[in-house]
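So the sequence lines, in the order shown, correspond to chains C and Z. So in this note's numbering, the last one in the first sequence is 1029, and the numbering has no gaps at all. So in this note's numbering, the last one in the second sequence is 1029, and the numbering has no gaps at all. Ideal placement from N, C-alpha and C gives every residue a C-beta, glycine not left out.
Protein chains: 2
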Amino acid sequence: MPLPTKTPLSDSLKQILKQGVDAIDTPALVVDIDAMMRNLSRMAEFAKKHDIRWRPHAKMHKSSALAKLQMQAGAVGVCVQKTAEAEAMVAGGVNDVYISNEVIAPHKLARVAALAHRLAADNGQLAIAVDSMEGIRRLAQAMNDARHAAGNAAVIDVFVEIDVGQGRCGVTPGRQAVDLAQEIRRHAALRFAGLQAYHGRAQHVRSAQERRDLISVVVQDVTFTRRLIEAEGIPVELVTGAGTGSMVCESASGVFGELQAGSFLFMDVDYALNERDPAQPHFEHALFVKSQVISTGLQHAVCDAGHKCHAIDSGLPRVVPLEDGAQLEYANGGDEHGILKPRDPAQRLARLGEIVWLVPGHCDPTVNLHNHMIGVAGGLKQGRVERIIRVDARGALT
Amino acid sequence: MPLPTKTPLSDSLKQILKQGVDAIDTPALVVDIDAMMRNLSRMAEFAKKHDIRWRPHAKMHKSSALAKLQMQAGAVGVCVQKTAEAEAMVAGGVNDVYISNEVIAPHKLARVAALAHRLAADNGQLAIAVDSMEGIRRLAQAMNDARHAAGNAAVIDVFVEIDVGQGRCGVTPGRQAVDLAQEIRRHAALRFAGLQAYHGRAQHVRSAQERRDLISVVVQDVTFTRRLIEAEGIPVELVTGAGTGSMVCESASGVFGELQAGSFLFMDVDYALNERDPAQPHFEHALFVKSQVISTGLQHAVCDAGHKCHAIDSGLPRVVPLEDGAQLEYANGGDEHGILKPRDPAQRLARLGEIVWLVPGHCDPTVNLHNHMIGVAGGLKQGRVERIIRVDARGALT
């Protein structure tokens, strides 16, 4: 199974390396490397302090380079949602990947199984989530088929996903999960690795107390299910889950052994609107869109960044205050434009040609719109282009 | 100035050519080629009947192959919103491109000017919109600089954009437009080509009568401005604008000479919600997301297509009725998932592994999420893969 190959950087991208931020064409996705590294350190410290593994979700940055950076900082590996994302991570040199999602199509399970064998032969490992008998049997079949092709006998870690309030994938906590764990153990190529329990909606509940309340229900669901499974003599080695919004709760639960939080690295507007739990490290905005004003009217200006450039599913971007402190509000101007108005009508408009920095509303789908992120060190407005970060799993949908 | 190069098709994509639709991995963006060709014929007929030029907007399909197909059917060229889109179109063999948007950055205007010279040397032509004195002067400077580099003296067509109700780019109809037209004529490398007048918001007003009312104001604004310019002895050769929602009004106006409608080719859910004007051709849905059910609960199913796969800025996708007529509603399941429930609670759920076809809410930003569209002929569910359509201007943001 051939893995995706990298396309070379274009000359125009190579030319901006080591240049000042002025050299970055607009619109562009820019990472404040210093802020990102501070976020990374704070996450590593937090996990160490709470003696919990962290496996950040690469669905957010879709970059094997950032995945490896996270593993150097102490992450045990990364999560992904898609088989194609896993392939891109492995092609980029990441050797410990967990597909925290269900895969049902036999030809896609064949890719999963091939990847598991490839990683096993390379001292790495692949894991996957399941929530149905049919899914387990198809996965086992694919693993057996791949063993014959690969010539080695890999085992894949399998987590049973329980629905802890998200209302999406996962079985109801309780008996069904026991049945699935038992089924997994009937197949030599599968290893029951534990429970997947992620409450996506809870991440964006604004009140810290309400998030704690929601996760306390999650913890009860997990505990109840784990006991049922263990009562059958089946050890539940690991419970994995949590996001940037709720991770302090899962960490303190004594039940979760692994955090999947991913957005902490970049922090978007949506997460910044959450009331911060006192136990949560301070994460800074590290992802920005550099944009330019291309038109001005009597009461508004128009910049060149619309929602083909930053995702608006979780709200509009926030505008970084201009050099002189002027504050702007961003309004939706469609696919290619943003409408900028002064927050206070007495303040000045943005000027024709002026550079405007935006903080995206939601980092995951924003990153997925770009082939590259431009890493700047030394400050967003005065810094230099330090590196080009490939989004090598961009568009990896299958 | 090097133009973007094409990456070769992957082996897995080549393998599905001439195969049945079952061979298409999910999620994938699929074009019903037969429906698309019918839409194209109806548009060509409509333009012929109303004796009006059409220059469809390639911001929608971002494909040079589809641009050329449209020109074979009678389109005079295409519109784009971005310089990088123009470059991708030219690299793909399209020789008549209009950037219906403002460009202000000098290095980007240098690219515009280089492209204008390249096209002029090749019997093609480039046009651009402006809405400021500064923009005109910078464009003229860039054209002069490029002339020295290119060794030929190209002239670029320049349209003055007036704001006819969208509240985005463009000057107020009237005197300002006259000033800009006069400024354009002071520069030998620029040719005043007419007026750009597009009312984006009017496209999605549901009532046909209300759209007519809005466009009648547009027509007054254009007529008033054109008279003022002509009173200065400056001919206004062409007024260009209109979208799929309002094109019957601009066509009937006697003022507009060119239609920019693009979405007619694919027709999304948002446009289908418009009350159809009796004069408007019937355009069919031709763009779909093929998706698969990967998880089922007691009251819902989950498919593998979330909003990294189809844009939700203009609403959620519609689900094509299942083989047995069962009707499903799509609810937002986040970046990678869609939640499917029966429209009528008495009807069956989607089954694990079942294929579900979605009609995207908004075609433009949906196409921009994909590297390829898979063209199917002979019916969406029983047909064969006829061609792979590259989205060669995908992510062309600058």
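Residue i: contacting residues in chain Z (beta-carbon distance under 8 Å)
{"i": "A1054 (chain C)", "result": "This structure does not reach residue 1054 (chain C), given that chain C is present from 632 up to 1029, and the question cannot be answered."}
{"i": "P633 (chain C)", "result": "D642"}
Status (buried if at least 16 other CB within 10 Å, exposed otherwise) for residue i
{"i": "Q797 (chain C)", "result": "buried"}
{"i": "H779 (chain C)", "result": "exposed"}
{"i": "A745 (chain Z)", "result": "buried"}
{"i": "D955 (chain Z)", "result": "exposed"}
{"i": "T657 (chain Z)", "result": "buried"}
{"i": "A753 (chain Z)", "result": "Reading off the sequence shown, one finds Asp at residue 753 (chain Z), where the question assumed Ala. So D753 (chain Z) ends up on the exposed side."}
{"i": "L929 (chain Z)", "result": "exposed"}
{"i": "E814 (chain C)", "result": "buried"}
{"i": "S884 (chain C)", "result": "buried"}
{"i": "P633 (chain Z)", "result": "exposed"}
{"i": "D1023 (chain C)", "result": "buried"}
{"i": "L904 (chain Z)", "result": "exposed"}
{"i": "A862 (chain C)", "result": "exposed"}
{"i": "R769 (chain C)", "result": "buried"}
{"i": "F855 (chain Z)", "result": "exposed"}
{"i": "D935 (chain C)", "result": "buried"}
{"i": "G724 (chain C)", "result": "exposed"}
{"i": "A583 (chain C)", "result": "Within the shown structure, residues of chain C are numbered from 632 to 1029, placing residue 583 (chain C) beyond reach of any answer."}
{"i": "I663 (chain Z)", "result": "In the sequence under discussion, the amino acid at residue 663 (chain Z) is Asp, which differs from the Ile named in the question. Under this definition D663 (chain Z) is a buried residue."}
{"i": "G1010 (chain C)", "result": "exposed"}
{"i": "E830 (chain Z)", "result": "Per the sequence shown, the amino acid found at residue 830 (chain Z) is His instead of Glu. Under this definition H830 (chain Z) is a buried residue."}
{"i": "G912 (chain C)", "result": "According to the sequence shown, residue 912 (chain C) is Pro rather than Gly. With 16 or more Cβ atoms within 10 Å of its Cβ, P912 (chain C) is classed as buried."}
{"i": "A977 (chain Z)", "result": "exposed"}
{"i": "N732 (chain C)", "result": "buried"}
Proximal chain C residues relative to residue i, where beta-carbon distance stays under 7 Å
{"i": "Q712 (chain Z)", "result": "E967"}
{"i": "C940 (chain Z)", "result": "L1028"}
{"i": "I943 (chain Z)", "result": "D944"}
{"i": "G831 (chain Z)", "result": "G965"}
Amino acids of chain C, ordered along the chain, whose beta-carbon sits closer than 8 Å to that of residue i
{"i": "T638 (chain Z)", "result": "T638"}
{"i": "K690 (chain Z)", "result": "D966, E967"}
{"i": "C800 (chain Z)", "result": "I925, S926, V933, H968"}
{"i": "D794 (chain Z)", "result": "G928"}
Minimum Cβ-Cβ distance from residue i to chain A less than 8 Å
{"i": "G705 (chain Z)", "result": "Absent from the structure is chain A; the protein chains it does hold are C and Z."}
Residue i Cβ short of 7 Å to the ligand COA heavy atom set
{"i": "D753 (chain Z)", "result": "The model on display carries no ligand, and the ligand COA is accordingly not part of it."}
Report the start-end ranges of each beta strand (DSSP E) in the segment 903-976 of chain Z that is 3 residues or longer and not cut off at the edges.
Complete beta strand (DSSP E) runs here, min 3: 918-927, 932-934, 959-963, 969-973.
(Q) Any contact between the segment 884-904 of chain C and the segment 980-995 of chain C? By contact I mean 3 or more CB pairs, one from each, below 8 Å. (A) They touch, by the three-pair rule.
Checklist line | Interface residues of the segment 949-981 of chain Z facing chain C [CB-CB below 9 Å] | finding: N963, G964, G965, D966, E967, H968, I970
Original post:
Which residues, taken in chain order from the segment 717-744 of chain C, show a beta carbon closer than 8 Å to some beta carbon of chain Z?
Top reply: N732, E733, V734, I735, A736, H738, K739
Worksheet item: In chain order, which continuous runs of the beta strand (DSSP E) of length 3 or greater are located wholly inside the segment 755-826 of chain Z?
Response: Fully enclosed beta strand (DSSP E) runs of 3 or longer: 756-761, 787-792.
Would you call the segment 760-769 of chain C and the segment 779-794 of chain C in contact, with 3 or more CB pairs under 8 Å?
yes
Complete alpha helix (DSSP H) runs within the segment 851-912 of chain C (minimum length 4 residues, chain order): The qualifying runs are 878-883, 900-903.
Between the segment 755-789 of chain Z and chain C, which residues of the former have a C-beta closer than 8 Å to a C-beta of the latter?
D762, S763, E765, G766
Any contact between the segment 636-643 of chain Z and the segment 861-881 of chain Z? By contact I mean 3 or more CB pairs, one from each, below 8 Å.
Result no; under three Cβ-Cβ pairs closer than 8 Å.
### Task
Closer than 9 Å, Cβ to Cβ, to anything on chain Z: give me those residues from the segment 992-1012 of chain C, in chain order.
H993, D995, P996, N999, L1000, H1001, N1002
- Task: Jot down the residue ranges of each uninterrupted beta strand (DSSP E) in the segment 636-712 of chain Z, minimum 3 residues, whole runs only, in chain order.
- Result: Positions of the beta strand (DSSP E) runs, each at least 3 residues long and wholly inside the segment 636-712 of chain Z, are given as 659-663, 709-711 in order along the chain.
Q. Hey, is the segment 976-990 of chain Z in contact with the segment 914-932 of chain Z, meaning 3+ C-beta pairs nearer than 8 Å?
A. yes
| Taking only runs of the beta strand (DSSP E) that begin and end inside the segment 980-1009 of chain Z, which ones reach a length of at least 3 residues, in chain order? | 986-990, 1003-1008
Pairs of beta-carbons, one from the segment 732-749 of chain Z and one from the segment 833-842 of chain Z, closer than 8 Å: are there three or more? Below 8 Å, too few C-beta pairs join the segment 732-749 of chain Z and the segment 833-842 of chain Z to call them touching: fewer than three.
- Is there contact here, the segment 671-689 of chain C with the segment 650-669 of chain Z, by at least three beta-carbon pairs under 8 Å? no
Exercise. Evaluate the contact criterion for the segment 846-854 of chain C versus the segment 642-649 of chain C: three or more CB pairs, one atom per stretch, below 8 Å.
Key: no
Using a Cβ distance threshold of 8 Å, determine whether the segment 665-676 of chain Z contacts the segment 704-717 of chain Z, with at least three qualifying pairs required. yes
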